[in-house]
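A.B. asks: Chains as they are written, first to last, in this note's numbering: chain A, 1 to 187; chain B, 188 to 374. The C-beta atom is built at its ideal place from N, Cα and C for all residues, glycine as well.
Number of protein chains: 2
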Amino acid sequence: MDTRERLIESTRELLWEYGYVGTSPKAIQQRAGAGQGSMYHHFRGKPDLALAAIIRSAEELRDRAEAEFSGPGAPLQRITAYLRREREALRGCPVGRLTQDRDVMADPTLRRPVEDTFAWLRTRLAGVLTEARADGDLDTALDPAATATALVAVLQGGYVLARAAGDAEVYAQAVDGALGLLAGHAH
Amino acid sequence: MDTRERLIESTRELLWEYGYVGTSPKAIQQRAGAGQGSMYHHFRGKPDLALAAIIRSAEELRDRAEAEFSGPGAPLQRITAYLRREREALRGCPVGRLTQDRDVMADPTLRRPVEDTFAWLRTRLAGVLTEARADGDLDTALDPAATATALVAVLQGGYVLARAAGDAEVYAQAVDGALGLLAGHAH
DNA sequence: GTCTATAGTGCGATAGAC
DNA sequence: GTCTATCGCACTATAGAC
C-alpha cells in the first residue's frame, strides 16, 4: 500500500472513530506513517483528503449492501440477511456518522456522497420489498418506500442505541424487533 | 435568566448543533453574553458545563416522552402520538447526537445521562406495548422489549436519514413505515 | 461575580531543502 | 515524493484586578 493509499485508509478510520472535527491532519499523518509534506503533496488539505475517504466508505457500504440485495434466495430472505449481517455495532456506521458532523453536512462536496448513499440504499431496499410483494410474499398494504426507510432507520438508530448502552446486543435487539414487525406482514 | 442559566442554555444549543468537540468555551461565552471569568466562576471548565447541559437535555427528552406515554387514550394511540409528535428532524436528537461524540462517550460522567435516558426510554415504551398487549390490542407474538428498541431506533435513525437527505420529510416517512409495520399487529 | 491579560498547546497550512 | 521548520491562529485554562 503506497503513501497516498495509507493516508486515505487512515483518514477513513479516524473519521469513523473521531468524526471530521475530531480528526486532525497530524493524527492522519502519524497513523499513515507519513510526514506533513507528504500529505500536502497528495492532497490539497483536510477537506480534499476527507472527500477521498468519504467516497471510499460510501462505495464500500453500497457494495456490501448490493451483495446482499442481489444475492441468492427469496426477496424477504435477502432482506433478512442484509439486516442480520454482522456489523461493528459499537463503532457505528462509517457513513451515517457523518450526518452528525456539521462541517461535513455544511460542505456540499463532502455531503454529496452521504446523501447519495442513503438515497440509493432506501430506493434499492424498496425495490427488493416490491419484488417480495410481486411474489405474493408480502402484504400489499405495506408501502415499500416507507417500509424501506423505516428499516434503514432501524439500522442507523440501532447503532445509536447500542453506543448509548455500550452494548452491541442492543443493535441486534433493534433488528430483531424490526424483523418481528415485518414477520406479521409476510405470507 | 441569570448568567449561569444562560451559560447552560447556550451550551445545550451549541452541543446540539456542533457536538462536544465542535463547541468551544469561547463560543459558549459569546452566545451567553458572558466573559471568560464568568464562565470559569460558575463552572470548573468545559466538561463540567457540558455535564450540566447534557443532564438538562436528557431530563427534557424524558419529560416530553413521559407526557405522551402517560397521556390519555389507549396504549397504541399514545405510542402513535409519541412517534408522530413533531420534532426538529433536521436538527437531530439533542441526546442521541451525543452518542457520536467520542469525548462524551469516553467520559463515564458525561456518558451516564445519555445511557440512562435511552435505557429508560426503551423500558418505558416496552411497558406501554405490554399494556397494549394486556388490553388485547396487540399481537402476543410481538416481543415488547425488542419492538420498543426497534421503534426508538426508527426515530434515532430517522434523524440520520433526514439529515442525510436534507429533508425532514424522510423522518416522517420512517415513522410512517414503522406505524405501517405496527398496524399489522394491532387488533 | 465579572472583567481583561496572558499562558501553553495544538491546529491547519505553507516554504523550501533534499 | 518526502522531509523539517515555521507561520498565524484558535483552543482551554489560569491569574489577578475591579
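Taking beta-carbon pairs under 8 Å, can you tell me which members of the region 131 to 157 of chain A lie near chain B?
C.D. replies: Taking 8 Å as the Cβ-Cβ cut-off against chain B, the residues of the region 131 to 157 of chain A that qualify are D139, A141, L142, D143, A145, A146, T147, A148, T149, A150, L151, V152, A153, V154, L155, Q156, G157.
A.B. asks: Please work out which residues of its chain come closer than 6 Å, Cβ to Cβ, to D101 of chain A, disregarding the five sequence neighbours upstream and downstream, and give them in chain order.
C.D. replies: Working through the first sequence from its first residue, we reach residue 101 of chain A at position 101. Once the five neighbours on either side are set aside, the close Cβ partners of D101 of chain A are G19, Y20.
A.B. asks: Name the chain B residues that come within less than 9 Å of L61 of chain A, Cβ to Cβ?
C.D. replies: As a first step, residue 61 of chain A must be located in the first sequence, where it is residue number 61. What L61 of chain A touches in chain B: nothing, since even the nearest Cβ is about 12 Å away.
A.B. asks: Is it buried or exposed, Q216 of chain B, if we count other Cβ atoms within 10 angstroms and call 16 or more buried?
C.D. replies: Start at 1 with the first residue of the second sequence, and residue 216 of chain B comes out as number 29. Burial call: buried.
A.B. asks: Between which residues of its own chain and A334 of chain B is the CB-CB distance below 7 Å, once the five residues before and five after are set aside?
C.D. replies: Counted from its first residue, the second sequence places residue 334 of chain B at position 147. Note that residue 334 of chain B is Thr in the sequence shown, not Ala. Here the set comprises L316.
A.B. asks: Kindly indicate if chain A contains any beta-carbon less than 9 Å away from that of M188 of chain B.
C.D. replies: The sequence position of residue 188 of chain B within the second sequence is 1, counting from 1. Not one chain A Cβ lies under 9 Å of M188 of chain B.
A.B. asks: Taking DSSP as the reference, what is the three-state secondary structure of A328 of chain B?
C.D. replies: Numbered from 1 along the second sequence, position 141 holds the residue referred to as residue 328 of chain B. Reduced to three states, the DSSP call for A328 of chain B is coil.
A.B. asks: Report yes if the CB atom of L179 of chain A is closer than 9 Å to the CB atom of R84 of chain A, and no otherwise.
C.D. replies: As a position in the first sequence, residue 179 of chain A is number 179, starting the count at 1. As a position in the first sequence, residue 84 of chain A is number 84, starting the count at 1. Taking 9 Å as the Cβ cut-off, L179 of chain A and R84 of chain A qualify as a contacting pair.
A.B. asks: In or out: G73 of chain A buried (at least 16 other Cβ within 10 Å) or exposed?
C.D. replies: The sequence position of residue 73 of chain A within the first sequence is 73, counting from 1. G73 of chain A should be labelled exposed.
A.B. asks: Under 8 Å: do the region 158 to 168 of chain A and the region 279 to 286 of chain B share three or more Cβ pairs, one atom per stretch?
C.D. replies: At 8 Å Cβ cutoff, the stretches touch.
A.B. asks: Just verifying my parser: in three-state terms, what is the DSSP assignment at A186 of chain A?
C.D. replies: Working through the first sequence from its first residue, we reach residue 186 of chain A at position 186. Reduced to three states, the DSSP call for A186 of chain A is strand.
A.B. asks: Do you know whose CA, among A:L151, A:A168, A:D137, A:S10, lies nearest S57 of chain A's CA?
C.D. replies: One-based indexing of the first sequence puts residue 57 of chain A at position 57. Comparing Cα positions, the closest option is A:S10.
A.B. asks: Hey, would you say T304 of chain B sits closer than 9 Å to R251 of chain B, going by beta carbons?
C.D. replies: In the second sequence, the residue the question calls residue 304 of chain B occupies position 117. In the second sequence, the residue the question calls residue 251 of chain B occupies position 64. No. Outside cutoff.
A.B. asks: Beta carbons nearer than 7 Å to chain B: which residues of the region 87 to 118 of chain A have them?
C.D. replies: The region 87 to 118 of chain A vs chain B, Cβ under 7 Å: G92, G96, R97, T99, Q100, R102, M105, V114, E115, F118.
A.B. asks: According to DSSP, is G283 of chain B helix, strand or coil?
C.D. replies: As a working note, residue 283 of chain B is residue 96 in the second sequence. In this structure, G283 of chain B counts as helix in the three-state DSSP scheme.
A.B. asks: What are the boundary residues of the alpha helix (DSSP H) that G37 of chain A is part of?
C.D. replies: Residue numbering aside, residue 37 of chain A sits at position 37 when the first sequence is read from its first letter. 36 to 42 is the extent of the alpha helix (DSSP H) around G37 of chain A.
A.B. asks: Please classify G177 of chain A as buried or exposed, where buried requires at least 16 other C-beta atoms within 10 Å of its C-beta.
C.D. replies: Along the first sequence, read from residue 1 onward, the residue named residue 177 of chain A stands at position 177. Buried, because 16 or more other Cβ atoms sit within 10 Å of the Cβ of G177 of chain A.
A.B. asks: Report the rounded CA-to-CA distance for D137 of chain A versus A183 of chain A, giving the unit in angstroms.
C.D. replies: Along the first sequence, read from residue 1 onward, the residue named residue 137 of chain A stands at position 137. Along the first sequence, read from residue 1 onward, the residue named residue 183 of chain A stands at position 183. Cα-Cα distance, rounded: 10 Å.
A.B. asks: Classify T336 of chain B as buried or exposed, calling it buried when 16 or more other Cβ atoms lie within 10 Å of its own Cβ.
C.D. replies: Here residue 336 of chain B refers to the residue found at position 149 when the second sequence is read from its first residue. Looking at its Cβ environment, which holds 16 or more other Cβ atoms inside 10 Å, T336 of chain B is buried.
A.B. asks: According to DSSP, is V208 of chain B helix, strand or coil?
C.D. replies: Here residue 208 of chain B refers to the residue found at position 21 when the second sequence is read from its first residue. Looking at V208 of chain B - three-state DSSP - the assignment turns out to be coil, as it is neither helix nor strand.
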